[in-house]
Structure formats: C-alpha cells, structure tokens
Amino acid sequence: MSGHGTPIPMTSHPCGPLTGSAEVPGDKSISHRSLILGAMAVGETKISGLLEGEDVLDTAKAMRAFGAEVIDHGGGNWSVHGVGVGGFAEPDQVIDCGNSGTGVRLIMGAMASSPITTTFTGDASLNKRPMARVTDPLALFGAQAVGRSGGRLPMTIVGAADPVPVRYEVPVPSAQVKSAVLLAGLNAPGKTVVIEKEATRDHSERMLAGFGAEITVEDTDEGRVITLTGRPELKPQVIAVPRDPSSAAFPVCAALITPGSDVLVPGIGLNPTRAGLFTTLREMGADLTYENERHEGGEPVADLRARYSPDMKGITVPAERAASMIDEYPVLSVVAANATGTTMMGGVKELRVKESDRIDAMARGLRANGVTVEEGEDWWTVQGLGIGGVPGGATCESFLDHRIAMSFMVMGMGAQKPVSVDDGSPIATSFPIFEPLMAGLGASLERA
1 MSGHGTPIPM
11 TSHPCGPLTG
21 SAEVPGDKSI
31 SHRSLILGAM
41 AVGETKISGL
51 LEGEDVLDTA
61 KAMRAFGAEV
71 IDHGGGNWSV
81 HGVGVGGFAE
91 PDQVIDCGNS
101 GTGVRLIMGA
111 MASSPITTTF
121 TGDASLNKRP
131 MARVTDPLAL
141 FGAQAVGRSG
151 GRLPMTIVGA
161 ADPVPVRYEV
171 PVPSAQVKSA
181 VLLAGLNAPG
191 KTVVIEKEAT
201 RDHSERMLAG
211 FGAEITVEDT
221 DEGRVITLTG
231 RPELKPQVIA
241 VPRDPSSAAF
251 PVCAALITPG
261 SDVLVPGIGL
271 NPTRAGLFTT
281 LREMGADLTY
291 ENERHEGGEP
301 VADLRARYSP
311 DMKGITVPAE
321 RAASMIDEYP
331 VLSVVAANAT
341 GTTMMGGVKE
351 LRVKESDRID
361 AMARGLRANG
371 VTVEEGEDWW
381 TVQGLGIGGV
391 PGGATCESFL
401 DHRIAMSFMV
411 MGMGAQKPVS
421 VDDGSPIATS
431 FPIFEPLMAG
441 LGASLERA
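Heads up: the sequence shown is residues 1 to 448, going by full-length UniProt numbering.
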C-alpha cells in the first residue's frame, strides 16, 4: 500500500474469534526521533526494530539529504552516522515528508537553528495541516518561514545564522511542537526552556538525555518545565525501538469486540505519556492485562493480552488524559459503539488538525453505519449499541488518514454487516503489515 498513490478501497467482514500473537511494528514516535538525533550525534547510532512505514522512511531520506549517512541493514536494523549538532548541510532538493506531521515538524525544528535554507512539502493531507504552531516558536530562535496561506506546506525555512535561546510556553498540548523547540534549542547557545501546561509524550526528553544532552524536567506551578542546555556533543547510541502502542491499539480493540477473541501483543511500549487508551479501556471493563512488565532502552514495556469483553460500559474519558491517547480516539470510538451507554470524550480539539479532522471523519463513518454521535469543537459522544449491535454495511471515507481507515476496518470485524473504506492506502504510512497481521489473527479483510 502507498499513501501517495492510487486509492485502495478495502472491506472488513464480520469474522470469527481473533487469536494468536500480534507483533506490531516499532514505535513511530521513537523511530522518527532515533533517526533525527542519530543524525545530530557524532559517530554511529545503531537502531533495531525501526518502523519501516512510509512516514519514517521519509524521515530517513531527509536525514540523508542533510548529510548524515543512513544505512538500512535489513530486518528493521539501521545505522546512522551523524554530522553533529549544527552540522547539517543544506539539502539540494525539496524535503518531501509524505504524510508525516511528526516528521516535518521535528525536522523543521532540527534545522531551524542552523544557517541553511530548506523547502518542505508533503502529500495532499500533510499540505493542508497548519505549520504555524511550529514556525511561530522557531521564529523566536531567528528562523524565517515562508509558506502558503494559513501557514501551510509547501514551505521554505531559512535557518537562523545567529540563533538565540528561547523560553516558550506551548499554547496547546503538542509533543510535536515541544520537540521541535527542543531540537532547535540544541544548536542555540545557553538554555532553551519549554513549559507545558499539560504533559505530552516525553520520548524527546528521554532520548535527548540518552544521547548525552543536558536536560532537566521539573513540575512547577507554571506547569512542566523542560530546560535544555544548547550546543552539546551528542553521543551515538544503541537503540531498541519498542513496539508502537498506537499500532497495538487496533488488534487490541478488535479482540475486545470480536466474540471468542484472545490476542497477545508482545513488547509494547507503555510510556505513561502514551498509555491512556489502555487505562481507558480497562475503566470501560475491557479484559486487558499486562504481562512480563519490564524496561527496554529507558522505556517501560510489557506484553498486552486482550480478550473478548462483552460487558464494556461507556464512560467519561478525563479531558486531562487526552494528550496521552490523542491518536487512539478514533479506534476508541469504535469500541464505544460496541459498549453499552454513552462514552464522552472531551479536551480533544487537537483531533481537528490531525491528518484529517478526526472527529468529523469518525462521526460521519459511525453515523453511516448506524451509530449515534454528537460533537462539538472540543468534544464528542458515542452512544453505545452493545456488542454486536453496530449495523455496519456502509462505506466510509478515510480522508487520507491511516488511523481512520484502520479504525473502520476494526469496526467491520464486530459489526452485523461488512464495513468498507474508500481508500486504505494511507495505512502503509504507519502500519505497513496491518493486513497480513490482522488476517493472521483471523480477520477477513478484502481489497476491492
């Protein structure tokens, strides 16, 4: 599948029990950061378990364009020979980040405090997404951005020749914005400070510390205060990428709503800034357990066992949990449709500016398949129909969004009639083995 090419209509049929082991790909967030920080270190960083979806491969190409030597050794094993902080060369060509908001925003941050000029573009979905949330704080370092109206790609960034350190309070919870500022701070003298009112995924902070940056994190009355000392010499690392909890969400949720299912998802990263979905599912009454809990590469990891859960109830998901599960709300809404009672999701306006407007996209598809949804700018509710109560039978628009497409494929497994999407090709951006993995568990997925 290719998120850049011909649409691929897909249909998910009601199926029997899902059983077996679901070895989902490596964590996308950690994969992006491994390549970027490896390129900013001095020496060879070795990475195993890298997610080889299109989003991450586009970041690998970008790091090559900035002068790093990035080598694919096969089987998810990669190496990066970095050029050091401030060592990026000016790319000869436009940097195409495909579908990846994470990739483009982090790369913008990494190059913004170096005296080079770079033009960024992406696919049709990425070119609609707002970049001002990143370019505004990068301007404080001295970088300049010129793009399409509304701060959209294609966009050219002129990096700061004489960057200055920045103190920046993130206006909305966004790990991408926070990480872009921290990466820009690496090549600025003095201390760059980022303040978060709500904690977001902290992979950047953990990984910066692992590469040898001087970084502190403190909880204060202002919020979470992250202080980075600029111009370190980053030391190359050996990184084992844990499996992606956002990808694990799909086989886990499918097992919960499909009668007789028992699925083990091994080696999933359970960073507390990412595990909100699993906490929420357990509160709904899901039979979801953690086995073999351990730490790998500074990240908490466990094997997840998900069993069919016919007695799940709708709940109010705490708004403060949104940052720890922002990418999982689409598939949570599918589980909510199979629970009894109402599930209320608030504090989720960030969903409006993802690869698609995910509230609108899911609401349209759920309604088409017989589920009642109400929505506001920052909230939505799903009226549960109970296990097996979703009528199904409709074709949903994926809006070039991988998580929308996969969520509706999960819904079809437990619905009364098949559920289709107009285009499943974007799935390849984050979960290139989704179809064979789900088929191996017992799902019935079909391409038109």
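All C-beta atoms, glycine included, are put in the ideal place defined by N, C-alpha and C.
**Request:** Grab the span of the beta strand (DSSP E) containing M284 for me, first residue to last.
**Result:** Against the sequence shown, residue 284 aligns to sequence position 284. Per DSSP, M284 belongs to no beta strand (DSSP E); it is in the alpha helix (DSSP H), 276-284.
**Asked** Which ranges does the alpha helix (DSSP H) cover as unbroken runs of at least 4 residues, wholly within the stretch 170-218, from first to last along the chain?
**Response** DSSP runs (the alpha helix (DSSP H)) wholly in the stretch 170-218: 175-185, 203-210.
**Prompt:** Any idea if S21 is buried or exposed, counting beta-carbon neighbours within 10 angstroms, 16 or more meaning buried?
**Reply:** One-based indexing of the sequence shown puts residue 21 at position 21. Looking at its Cβ environment, which holds fewer than 16 other Cβ atoms inside 10 Å, S21 is exposed.
**Item:** Check whether M10 and L445 have beta carbons under 8 Å apart
**Value:** Reading the sequence shown from its first residue, position 10 is the one you call residue 10. Reading the sequence shown from its first residue, position 445 is the one you call residue 445. Result yes, Cβ atoms of M10 and L445 sit closer than 8 Å.
**Item:** Own chain residues within Cβ distance below 6 Å of R167, not counting five before or after
**Value:** Counting from 1 along the sequence shown, the entry for residue 167 is found at position 167. Answer for R167: V193, listed in chain order.
**Request:** With a 10 Å radius around its C-beta and 16 neighbouring C-beta atoms as the bar for buried, classify T381 as buried or exposed.
**Result:** Here residue 381 is taken as the residue at index 381 of the sequence shown, counted from 1. Its Cβ being crowded by 16 or more others within 10 Å, T381 is buried.
**Item:** Cβ-Cβ distance between P130 and R152 below 8 Å
**Value:** To locate residue 130, count along the sequence shown from 1; it is residue 130. To locate residue 152, count along the sequence shown from 1; it is residue 152. Yes.
**Request:** Tell me whether residue 449 is buried or exposed, calling it buried when 16 or more other Cβ atoms sit within 10 Å of its Cβ.
**Result:** Because the chain here runs from 1 to 448, residue 449 falls outside it and cannot be looked at.
**Asked** Where S125 and G150 are concerned, what is the direct C-alpha to C-alpha distance, given to the nearest angstrom?
**Response** If you number the sequence shown from 1, residue 125 lands on position 125. If you number the sequence shown from 1, residue 150 lands on position 150. Distance from the CA of S125 to the CA of G150, rounded to the nearest whole angstrom, comes to 14 Å.
**Asked** Should E283 be flagged as near chain B, meaning a C-beta pair shorter than 8 Å?
**Response** The structure shown has no chain B; it contains just one protein chain.
**Prompt:** In its own chain, which residues sit with a C-beta less than 7 Å from the C-beta of G5, not counting the 5 before and 5 after it?
**Reply:** Reading the sequence shown from its first residue, position 5 is the one you call residue 5. Here the set comprises S425.
**Prompt:** Residue ranges of each beta strand (DSSP E) run of no fewer than 3 residues wholly in the stretch 225-280, ordered along the chain?
**Reply:** Runs found: 238-240, 262-269.
**Prompt:** beta strand (DSSP E) containing V146: first to last residue?
**Reply:** Counted from its first residue, the sequence shown places residue 146 at position 146. 144-148 is the span of the beta strand (DSSP E), which, as asked, contains V146.
**Prompt:** Taking the alpha helix (DSSP H) that P111 falls in, what are its first and last residues?
**Reply:** Translated into positions along the sequence shown, residue 111 becomes position 111. Checking the sequence, you will find Met at residue 111 rather than Pro. According to the DSSP assignment, M111 belongs to the alpha helix (DSSP H) that extends over 101-111.
**Asked** Are there 16 or more other CB atoms within 10 angstroms of the CB of T102, so buried, or fewer, so exposed?
**Response** Locating residue 102 in the sequence shown gives position 102, where the first residue counts as 1. By the neighbour-count rule (16 or more Cβ atoms within 10 Å), T102 is buried.
**Request:** Could you say which of R447, Y290, L366, K313 lies nearest to P300 if we only look at CA atoms?
**Result:** For the purposes of this step, residue 300 is taken as the residue at position 300 of the sequence shown. Of the candidates R447, Y290, L366, K313, the one whose C-alpha sits nearest the C-alpha of P300 is Y290.
**Asked** Does the distance from the CB of G442 to the CB of G412 come in under 8 Å?
**Response** Start at 1 with the first residue of the sequence shown, and residue 442 comes out as number 442. Start at 1 with the first residue of the sequence shown, and residue 412 comes out as number 412. Result no, Cβ atoms of G442 and G412 do not sit closer than 8 Å.
**Asked** Can we say the stretch 50-62 touches the stretch 18-33, given the rule of at least three CB pairs closer than 8 Å?
**Response** Cβ pair count under 8 Å is three or more, so yes.
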